[in-house]
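In my numbering, the protein residues as written are 5 to 141.
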């Protein structure tokens, strides 16, 4: 009788180790907030002296200038306050005649009213060039 060999024991292959659990995904950093839009440039309206309702009279023509035939254009640089009144004034460009320059400066500074300049609708002091012509007719 032949001896039969005992069946070889079935050895199960060791199970592969269970995969380690995947690490939890790291949340992406939040997207940076969009940069705020740049502010709109301010709306600036320059002062004015030509509004009809201001009733600015022309400067008086100096009698001596009339006799001498002096004519010309004076540019007066005026700082117009929020209330429409001149705060400062100086001759920006001379007519070439001191009498005409002086009466133009006095008129623009002391007699005339202005529509003040505004920034975003709010009255603000601003410089303004006021031309004054002296013409003999």
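Yeah, the Cβ is synthetic: ideal placement off N, Cα and C, and Gly gets one too.
As the structure is a prediction and not an experimental result, all values here were calculated from the model.
DSSP three-state assignment for residue i, whether helix, strand or coil
i, result
"residue 48", "strand"
Contact under 9 Å by Cβ, residue i with residue j
i, j, result
"residue 138", "residue 77", "yes"
"residue 135", "residue 79", "yes"
"residue 118", "residue 51", "yes"
Near the ligand ADP: residue i beta-carbon under 8 Å from a heavy atom
i, result
"residue 93", "For the structure depicted, the ligand ADP is absent and the ligand set is empty, with no information on it obtainable."
Nearest neighbour of residue i, chosen from the options [CA to CA]
i, options, result
"residue 130", "112, 62, 92, 73", "92"
"residue 47", "123, 75, 63", "123"
"residue 64", "141, 111, 116", "111"
"residue 104", "90, 89, 140", "140"
"residue 61", "71, 125, 114, 39", "114"
"residue 81", "109, 37, 45", "109"
"residue 73", "99, 88, 95, 85", "99"
"residue 88", "71, 106, 58", "58"
"residue 127", "49, 96, 95, 68", "49"
"residue 101", "125, 44, 69, 83", "69"
"residue 75", "44, 40, 107, 37", "107"
"residue 85", "66, 116, 44, 96", "116"
"residue 125", "45, 97, 40, 36", "45"
**Request:** Would you list, in sequence order, the uninterrupted alpha helix (DSSP H) runs of no fewer than 4 residues that lie entirely inside the region 50–138?
**Result:** With a minimum length of 4 residues, the continuous alpha helix (DSSP H) runs that stay inside the region 50–138 are 67–72, 102–110.
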